[in-house]
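> Have a look at this one.
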Amino acid sequence: MKTDWLNRQISTLTSMHSRAETELRERHQQNLDLELRKYRRRALLARHNHEQDLLREELNMKQKHREREHEVLLSQHDSTQALEYKHLHAIQEQRMEHLRSQHQTELSNQVEYSQRRENELKRKHLTAMRQQPKSLKSKESQIKKQYQETAKVQEKQYRAWKNHVLESVPKKEQKEVLRRMKDERMRKLAILSEQYDRSITELNQKQTGKLSDSQEKERNQLKVQLQQELELLTAYQSKVKKVTESQHERELKDLEQKVSLRRAMLEQRMEEETVQLETERSDRIRGLLEQQCHEIEVFDQESLRMGFSTVVITNYGDQVYDPHGQGDAGKHPPQHPLHVSASTSVLPSGSASGFSQNLPRSSSGSNIRGGSMNTQQNDPSMHPTMPYAHRSARANS
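Here's what the structure looks like:
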């Protein structure tokens, strides 16, 4: 009897030892699987944080590069604007200097031309004055020749009449007749000589007055002509100067409009590039967070299929099995910092909350599931005595 009882006791103890050993081995294997799952989730969140850091660094670098590019474009625009204004000013100054030199040359040429015309007229008048005595002598010789021919004619008439008187008049009367004829002849010669002198005097006076009047008239006409030419030249130069000044104002306005249009186009381009960069930044951040959220949800769903709850695998503290439902099983330490930073580390300062509200994270401490997790942490009745008891039940079944 005692031997049988002892054998039953030994058999019972052996069975209990085997069951305890099996349970301990299963519990160790479950702990190992749980820790491996936790490690993989931590590695996944660490990779997400690293991807977010790389994206943030890339976007910040691209933004700095774009800002530097815009600064260079603005600097280039300012330099080009200053150079264009400088070149325009230099061209206009050179043009005005050339115009002033041209006008001064034209005035000088006009003055020289006027002096040359006046000198030529003076020489012409002097030549006419020098040639006047020759002309007068020629006309005087003509008048004298006419006088001599007239005197010869009268002499021939006197001789013919004298012969006639000598032949027809008696000698008593011849002397008286001849005396009367001689007196008549002398009287006619005196009249002829007086006419000759008067003709010569009138000729000199007429020629001198005619020459003096014509020279004065020519001189006045030349002065009026030269004055008109000078006035026309001055008016033309003034008109050319006004046209050039108007051209300069028009060129300046055109350049101002050109610079303003180029500056507006540059600012519009910079604004479009900035908006495009912000859109790209938002899209890439949203795409990365959605991809990471999807990866975490896939991981959590896979964990659930493996028998691990989301609450358990997101609790990165020590998981110690308590068969009596006491100890660390009811204690849920705070989440690892990676959970908190996974949804906000990629966002710039001041905008993390806005993007985290739109991020449907499953088990990383996000806003969507944060309320249920806090409820489970605050209510011990929501936790099973063994965190993976449902998996043990499935294994035992």
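Residue numbers (this note's numbering): 2 to 398.
Even glycine gets a Cβ: it sits at the ideal position worked out from N, Cα and C.
It should be emphasised that the depicted structure is a prediction, and the values quoted were computed from it without experimental measurement.
Considering just the uninterrupted stretch of the alpha helix (DSSP H) at Thr-311, what are its terminal residues?
Position 310 of the sequence shown holds residue 311. From DSSP, the alpha helix (DSSP H) with Thr-311 extends over 311–314.
> If you draw a straight line from the C-alpha of Ser-239 to the C-alpha of Leu-233, how long is it?
By 1-based counting over the sequence shown, the position of residue 239 is 238. By 1-based counting over the sequence shown, the position of residue 233 is 232. Their Cα atoms are separated by approximately 10 Å.
> Beta-carbon separation of His-104 and Gln-216 under 7 Å?
By 1-based counting over the sequence shown, the position of residue 104 is 103. By 1-based counting over the sequence shown, the position of residue 216 is 215. Not in contact: His-104 and Gln-216 (Cβ atoms no closer than 7 Å).
> Does DSSP classify Gly-308 as helix, strand or coil?
Position 307 of the sequence shown, counting from 1, holds the residue named residue 308. Coil.
> Inspect the beta-carbon positions of Leu-231 and Gln-111 and report whether they are closer than 7 Å.
Against the sequence shown, residue 231 aligns to sequence position 230. Against the sequence shown, residue 111 aligns to sequence position 110. Yes, Cβ-Cβ distance for Leu-231 and Gln-111 is below 7 Å.
> Alpha carbon to alpha carbon, how far is Ala-47 from Glu-291? Give it in angstroms, no decimals.
Residue 291 sits at position 290 when you count from the first residue of the sequence shown. Residue 47 sits at position 46 when you count from the first residue of the sequence shown. For Glu-291 and Ala-47, the distance between alpha carbons rounds to 16 Å.
> Which term fits Val-241, buried or exposed, when burial requires 16 or more other beta carbons within 10 angstroms of its beta carbon?
Residue 241 sits at position 240 when you count from the first residue of the sequence shown. Result: exposed.
> Given this structure, state the Cα-to-Cα distance separating Gln-263 from Glu-107, to the nearest angstrom.
The residue you call residue 263 lines up with position 262 of the sequence shown. The residue you call residue 107 lines up with position 106 of the sequence shown. Per the sequence shown, residue 263 should be read as Arg rather than Gln. Distance between the alpha carbons of Arg-263 and Glu-107 is about 42 Å.
> Roughly how many angstroms separate the alpha carbons of Leu-122 and His-90, rounded to a whole number?
Within the sequence shown, the letter at position 121 stands for residue 122. Within the sequence shown, the letter at position 89 stands for residue 90. Going by the C-alpha atoms only, they are around 48 Å apart.
> What is the DSSP secondary structure of Gln-336, counted as helix, strand or coil?
Indexing the sequence shown from 1 puts residue 336 at position 335. At Gln-336, the pLDDT of 39 sits below 50, so the modelled position is not reliable; the number obtained from the coordinates is stated separately. Correct three-state label for Gln-336: coil.
> What's the C-alpha gap between Leu-190 and Gln-155?
On the sequence shown, residue 190 is found 189 positions in, with the first residue counted as 1. On the sequence shown, residue 155 is found 154 positions in, with the first residue counted as 1. Spanning the two alpha carbons is a distance of roughly 8 Å.
> Would you mind giving the Cβ-Cβ distance between Leu-74 and Leu-267, rounded to the nearest angstrom? I have them listed as a contact below 8 Å.
Walking along the sequence shown from the start, residue 74 turns up at place 73. Walking along the sequence shown from the start, residue 267 turns up at place 266. Leu-74 to Leu-267, Cβ: 6 Å. Contact.
> Taking 7 Å as the threshold (C-beta atoms), are Arg-43 and Ile-314 in contact?
Here the question's residue 314 lines up with position 313 in the sequence shown. Here the question's residue 43 lines up with position 42 in the sequence shown. For Ile-314 and Arg-43, no; Cβs fall outside 7 Å.
> CB Arg-38 to CB Ser-304, shorter than 7 Å?
As a first step, residue 38 must be located in the sequence shown, where it is residue number 37. As a first step, residue 304 must be located in the sequence shown, where it is residue number 303. Against a cut-off of 7 Å, the Cβ pair of Ser-304 and Arg-38 comes out as a contact.
> Comparing alpha-carbon positions, which option in Ser-80, Tyr-237 and Lys-254 lies nearest Leu-100?
What you label residue 100 is simply residue 99 of the sequence shown in a count that begins at 1. Comparing Cα-Cα distances from Leu-100 to each of Ser-80, Tyr-237 and Lys-254, the minimum goes to Tyr-237.
> Just to confirm, are Leu-278 and Arg-67 a CB contact at a threshold of 7 Å?
For this step, residue 278 is matched to residue 277 along the sequence shown. For this step, residue 67 is matched to residue 66 along the sequence shown. Contact flag set, yes.
> May I have the straight-line CA-CA distance separating Arg-306 from Gln-31, to the nearest angstrom?
Looking up residue 306 in the sequence shown gives position 305. Looking up residue 31 in the sequence shown gives position 30. Approximately 14 Å, taken between the alpha carbons.
> Take the Cβ of Ser-400 as the centre, count every other Cβ of all protein chains shown within 10 Å, and call the residue buried at 16 or more, exposed below.
Outside the displayed span of the chain (2 to 398) sits residue 400, for which this structure offers no information.
> Using a Cβ-Cβ cutoff of less than 6 Å, which residues in the same chain neighbour Arg-370 once the five nearest sequence positions on both sides are dropped?
Taking the sequence shown and counting its residues from 1, one reaches residue 370 at position 369. With a pLDDT of 34 at Arg-370, under the threshold of 50, the modelled position of that residue is not reliable, and the figure given next carries that caveat. Result list for Arg-370: empty, nothing under 6 Å.
> So, under 8 Å CB-CB, Leu-60 and Arg-282 are touching, yes? Tell me the CB distance rounded to an integer number of Å.
Counting from one through the sequence shown, the residue named residue 60 turns up at place 59. Counting from one through the sequence shown, the residue named residue 282 turns up at place 281. Right, their Cβ atoms sit about 5 Å apart.
> Would the beta-carbon of Gln-82 fall within 7 Å of that of Val-260?
The sequence position of residue 82 within the sequence shown is 81, counting from 1. The sequence position of residue 260 within the sequence shown is 259, counting from 1. Yes, the Cβ-Cβ distance between Gln-82 and Val-260 is below 7 Å.
> So, is Asp-301 buried or exposed, given that buried needs 16 or more other C-beta atoms within 10 angstroms?
Locating residue 301 in the sequence shown gives position 300, counting from the first residue. Burial call: buried.
> Am I right that Gln-53 and Leu-289 are in contact with their C-beta atoms under 8 Å? What's the rounded C-beta distance?
Along the sequence shown, one-based indexing puts residue 53 at 52. Along the sequence shown, one-based indexing puts residue 289 at 288. The pair is a contact, with the Cβ atoms about 7 Å apart (cut-off 8 Å).
> Tell me the rounded alpha-carbon separation between Arg-118 and Asn-221.
Stepping through the sequence shown from its first residue, residue 118 is reached at position 117. Stepping through the sequence shown from its first residue, residue 221 is reached at position 220. Taking the straight line joining both Cα atoms gives about 12 Å.
> Tell me which same chain residues have a C-beta within less than 6 Å of the C-beta of Met-17, skipping the five on either side of it?
In the sequence shown, counting from the first residue as 1, residue 17 sits at position 16. Counting only Cβ-Cβ distances below 6 Å, and skipping sequence neighbours, we find nothing.
> Work out the CA separation of Thr-202 and Gln-229 for me, nearest whole Å.
By one-based count along the sequence shown, residue 229 stands at place 228. By one-based count along the sequence shown, residue 202 stands at place 201. The alpha-carbon atoms of Gln-229 and Thr-202 are separated by roughly 41 Å.
> As an exercise, report each continuous beta strand (DSSP E) stretch of at least 3 residues that is fully enclosed by the stretch 44–95, in chain order.
Segments of the beta strand (DSSP E) lying fully in the stretch 44–95: there are none.
> Helix or strand or just coil, what does DSSP make of Glu-219?
Counted from its first residue, the sequence shown places residue 219 at position 218. Residue state, collapsed to three classes: helix.
> May I have the straight-line CA-CA distance separating Thr-245 from Leu-227, to the nearest angstrom?
Position 244 of the sequence shown, counted from the start, is the residue given in the question as residue 245. Position 226 of the sequence shown, counted from the start, is the residue given in the question as residue 227. Roughly 27 Å separates the two Cα atoms.
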